[in-house]
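What follows is a set of notes on a single structure, which appears directly below.
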Amino acid sequence: MVVSYKSKLKYKDYQDLTDQIRFLSLEGKIWLGEQRMLLMAVSAMAAFRREMVNTMGVERAKGFFLRLGYQSGLRDAELARKLRPHCDEIDIFLAGPQLHALKGMVKVIPIQVDIDQEAGNFYAEIEWVDSFEVEICQTELGQMDEPACWSLLGYACAYTSSFMGREIIFREISCRGCGDEKCVIVGKPAEQWEDAEEFARYFKADPIIEELYDLQSQVSSLRSSLEKQQGQYYGIGQSASYNKVCKMIDKAALGKVSVLLLGETGVGKEVVARSVHLRSERADGPFIAVNCAAIPPDLIEPELFGVEKGAFTGANQSRPGRFERANGGTIFLDEVVELTPRAQASLLRVLQEGELERVGDNRTRSVNVRIIAATNESLATAVEAGRFRADLYYRLNVFPVKIPPLRERLEDLPLLAEHFLRKFQTEYNKRTLGLSDKALELCLRYRWPGNIRELENVIERGVILTDNKETISQEALFAVFPDSEFHQASPQPSEVIDDDGQIVAGNTHSASGHWADGILNSGISLDEVEKTLMQRAMNEANQNVSGAARLLGLTRPALAYRLKKSGLLSES
Numbered sequence: 022m023v024v025s026y027k028s029k030l031k032y033k034d035y036q037d038l039t040d041q042i043r044f045l046s047l048e049g050k051i052w053l054g055e056q057r058m059l060l061m062a063v064s065a066m067a068a069f070r071r072e073m074v075n076t077m078g079v080e081r082a083k084g085f086f087l088r089l090g091y092q093s094g095l096r097d098a099e100l101a102r103k104l105r106p107h108c109d110e111i112d113i114f115l116a117g118p119q120l121h122a123l124k125g126m127v128k129v130i131p132i133q134v135d136i137d138q139e140a141g142n143f144y145a146e147i148e149w150v151d152s153f154e155v156e157i158c159q160t161e162l163g164q165m166d167e168p169a170c171w172s173l174l175g176y177a178c179a180y181t182s183s184f185m186g187r188e189i190i191f192r193e194i195s196c197r198g199c200g201d202e203k204c205v206i207v208g209k210p211a212e213q214w215e216d217a218e219e220f221a222r223y224f225k226a227d228p229i230i231e232e233l234y235d236l237q238s239q240v241s242s243l244r245s246s247l248e249k250q251q252g253q254y255y256g257i258g259q260s261a262s263y264n265k266v267c268k269m270i271d272k273a274a275l276g277k278v279s280v281l282l283l284g285e286t287g288v289g290k291e292v293v294a295r296s297v298h299l300r301s302e303r304a305d306g307p308f309i310a311v312n313c314a315a316i317p318p319d320l321i322e323p324e325l326f327g328v329e330k331g332a333f334t335g336a337n338q339s340r341p342g343r344f345e346r347a348n349g350g351t352i353f354l355d356e357v358v359e360l361t362p363r364a365q366a367s368l369l370r371v372l373q374e375g376e377l378e379r380v381g382d383n384r385t386r387s388v389n390v391r392i393i394a395a396t397n398e399s400l401a402t403a404v405e406a407g408r409f410r411a412d413l414y415y416r417l418n419v420f421p422v423k424i425p426p427l428r429e430r431l432e433d434l435p436l437l438a439e440h441f442l443r444k445f446q447t448e449y450n451k452r453t454l455g456l457s458d459k460a461l462e463l464c465l466r467y468r469w470p471g472n473i474r475e476l477e478n479v480i481e482r483g484v485i486l487t488d489n490k491e492t493i494s495q496e497a498l499f500a501v502f503p504d505s506e507f508h509q510a511s512p513q514p515s516e517v518i519d520d521d522g523q524i525v526a527g528n529t530h531s532a533s534g535h536w537a538d539g540i541l542n543s544g545i546s547l548d549e550v551e552k553t554l555m556q557r558a559m560n561e562a563n564q565n566v567s568g569a570a571r572l573l574g575l576t577r578p579a580l581a582y583r584l585k586k587s588g589l590l591s592e593s
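Heads up: the sequence shown begins at 22 in this note's numbering, then just goes up one per residue.
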């Protein structure tokens, strides 16, 4: 079905878009949906553009700003689809021009828009009025030889391509920045442009940047090789608390001392244990990790120290234990507090004498193993309770290292999140646009009781629930937001845009009175208020009557009656 728009028709109301704008002045943040926004002086952007042109040349600067606009267009296309899921194609498409206007970039006048999403056909002719990029040219660069609305054009290409699900290219056929009377753009599928391939090159990484990336990659590869030679591996983190742990490991790794890793579950104790091993002189030897809590108590000794044939029912053959397999290397004993008393005694002998006996054997075997133990429970408390040998505790506690929980190193969270995003996007063959700004802020406020392991699981959930070329929202990360697990902070008052374009308090209809006063003063009838509320609730509930009824505090039959009375039920 072809949907056509002519300039004489009116835009859909902007209210659903302006409702997404929130000013949190006390926090220094502005939000548009889940995107964090900036208010920037045009003069500052003009100076930036002038420096880019002077440094890179016109062609490279053009490519840079086209790609800048392209990224913005992708995000806004996603927002439009979420806000207008049940609207006509033309109303969803026109959200892009409306958002351009709301951001103060340009006034958009559609001259003609023909859309047929099913067939993939698209044609648009649009006029831009008062483009901020033309103003930049007039104040900083002077008249250009070619059209100058670069970032606006990149936005239009990305927004429409995402909307149509195929590559759409817009070209500026006239521009005030180069002396024309008007700024007019035309958009159509890429194959209908003769120079589509040449124009598409602007959206690829700049050759200079590619060269820099190649050099950077080579440096990174050399550094990685050097670190492997030194046996250095610390996982991901740049915070002061994590760097402190790394420095302590540096000092302990080169010696033979036993290391006791302390910290909550999920903080990455095994990663640090591997760091100790790879940084030590034993790096070429085996690294054996054992979770003592996962082994049944009656099997701990055979698993750790080996067993001789016939030692007990089921022991059909002799086999070495984990300690023998780790000979010449390192063994990592996670949750060491779970060891049985007999296993603790055997472990103490290995630490003191460097020898062990297999279960059911009377012959001792020498082993050369470095022991790294870990626990999320206080061993000192376990000693007092009689659950852990004091002499073993003193042997293990020679070099304790406390690994900070994730909530104490939140500076590292963006790096960790990016690492897990790359991992799961490859695993699930997806390419998302990453975390939304709101989703990242939510992660930075969350207390992460499960630490890095929980973050990994949350990111995996987000990747699974998010479609290709979409941002990962708050809802995709967390099914339920447990308030007790979030940092408590005094609520900050938000400010919104009212119908007259004024910034007002977010919890009132106007700056001066109750929200009801605004409705009464506007002359809106009670029936209109009721219909609008029901429409909004139905949209929020994805046209589910029961869900909308819960939002409005009504029973389902009561809401269904009102919907039928107003004619909304048949429409949905």
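Ideal placement from N, C-alpha and C gives every residue a C-beta, glycine not left out.
Out of I316, L100 and V479, the CA that lies nearest to the CA of L463 is found in V479. The Cβ atoms of V297 and V419 do not sit closer than 7 Å to each other. Sixteen is the threshold: since fewer than 16 other Cβ atoms of the shown chains lie within 10 Å of the Cβ of H107, the residue is exposed. According to the DSSP assignment, I157 belongs to the alpha helix (DSSP H) that extends over F153 to I157. Here DSSP, grouped into helix, strand and coil, assigns E193 to strand. Scanning the region 316 to 359 from its first residue to its last, the whole beta strand (DSSP E) runs of 3-plus residues come out as 351 to 355. The alpha helix (DSSP H) runs lying completely inside the region 420 to 490 and spanning 4 residues or more are 434 to 448, 458 to 466 and 472 to 486, given in chain order. With a 10 Å radius around the Cβ and a threshold of 16 neighbouring Cβ atoms, N563 comes out exposed. The Cβ atoms of K451 and N489 sit closer than 7 Å to each other. Excluding residues up to 5 positions away in sequence, L431 and L434 lie with their Cβ nearer than 8 Å to the Cβ of L465 in the same chain.
Just measuring C-alpha positions, the residue of V371, W52, Q159 and K552 sitting nearest A347 is V371. Boundaries of the beta strand (DSSP E) around V150: N142 to V150. In the three-state reduction of the DSSP assignment, D137 falls in the strand class.
Counting along the chain, I257 sits inside no beta strand (DSSP E), nor does DSSP assign it H or E at all. Scanning its chain for C-beta atoms nearer than 7 Å, with the 5 sequence neighbours on each side dropped, one finds around G200 the residues Q164, in chain order. For L572, the closest of M555, R583, L584 and G588 by C-alpha to C-alpha distance is M555. A residue is called buried once 16 or more other Cβ atoms fall within 10 Å of its Cβ, and E139, having fewer, is exposed. Contact annotation: L283 and V293 have beta-carbon atoms that are not nearer than 7 Å. DSSP places A500 outside both helix and strand once states are collapsed to three, so it counts as coil.
Excluding five sequence positions before and after K203, the CB atoms of its chain that fall closer than 7 Å to its own CB belong to E148, S195 and R197, given in chain order. Straight through space, the alpha carbons of E212 and C158 are spaced by roughly 31 Å. R340 is the residue among R340, D151, L47 and K272 whose C-alpha sits nearest the C-alpha of E329.
By a beta-carbon distance limit of 8 Å, V127 contacts L173. Their separation comes to about 6 Å. Assigned with DSSP and collapsed to three states, G186 falls in coil, not helix or strand. Annotation for R416: L372 place their beta carbon closer than 6 Å to its own, counting only its chain and skipping 5 residues before and after. Boundaries of the beta strand (DSSP E) harbouring R57: Q56 to M58, taken from the DSSP string. The distance from the Cβ of P323 to that of V380 is about 5 Å, consistent with a contact at the 8 Å cut-off. Residue environment: L360 is assigned as buried (16 or more neighbouring CB atoms within 10 Å of its CB, all protein chains considered). When DSSP states are grouped into helix, strand and coil, V292 belongs to the helix group. Going by DSSP, A314 is part of no beta strand (DSSP E) at all; its letter is neither H nor E. The C-beta of E80 has fewer than 16 other C-beta atoms within 10 Å across all chains shown, which makes the residue exposed. For P210, the enclosing beta strand (DSSP E) begins and ends at C204 to P210.
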